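These notes concern the structure reproduced below.
In this note's numbering, the protein residues as written are 130 to 387.
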């Protein structure tokens, strides 16, 4: 097992993963630009409030979370990386509380991914003993089960939901785990449940690929260099893109002739 892991956790990079991350990053920037146009500039855009826009947003977060979990078997410093991403999540929270309180971000996607990295890193050995397909199936079902836990329900199977006690939905700690308090507000909220299970589904799928001959497939080497570049610097771009977009829009609004 140790030898097998050394083979797929070397210095190689899979260009396709960076390219997918870069594509998703561009999609996210487009979505956040749309958000700014609607909520900061007050542009009327009914479609942005439609199910189509919701699915757009979901496609972005699902891809980032799945891909982050998928890449965990390739990482040498899982816990350290988790700490860095978690601290970046704290930074986003502090900055938005200080300078954009009405648009504050508490328990955003970086906090979720950082926490998932830490949990997976700490439990990496026992998780590595779980059969890959079994782990993937269980994680996918737990994600399905808890998908709407924020709204007070779990879904046992299609057409059968169970309401959870309202007493669970109180305070920030409960909100972090997924039991969203009625008075909680965040423009970017990703609780540990259900999203940890989507992350773990990505992790087990990654193991399925990288612990098999599929890790050498040529398709994993395919890439679009500009998109791969963005993908390799996704955390920095994530932190900078919203302030840059906001600054440009404010400048255009104040100086329309530009």
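We put the CB at the ideal spot given by N, CA and C, even for glycine.
Nothing here was measured: the structure is a model prediction, and the numbers come from that model.
Query, Result
"Neighbourhood of residue 313 by C-beta, 8 Å cutoff - its chain only, sequence neighbours within 5 removed", "235, 301, 304"
"Which of helix, strand or coil DSSP assigns to residue 286", "strand"
"Inter-residue Cα distance where the pair is residue 320 and residue 276", "10 Å"
"Where residue 216 falls: helix, strand or coil (DSSP)", "helix"
"Assigned exposure category for residue 238 - 16 Cβ within 10 Å defines buried", "buried"
"Helix, strand or coil at residue 346 [DSSP, three-state]", "coil"
"Beta carbon of residue 360 nearer than 8 Å to that of residue 201", "no"
"Exposure label - residue 352; buried when at least 16 CB within 10 Å", "buried"
"Top-ranked residue by Cα proximity to residue 255, from 373, 329, 194", "329"
"Start-to-end residues for the alpha helix (DSSP H) that takes in residue 201", "Note, residue 201: premise wrong, no alpha helix (DSSP H); not H, not E."
"Bridge partners - residue 292, DSSP secondary structure assignment", "282"
"The alpha helix (DSSP H) enclosing residue 170, as first and last residue numbers", "Careful: residue 170 lies outside any alpha helix (DSSP H) and carries neither H nor E."
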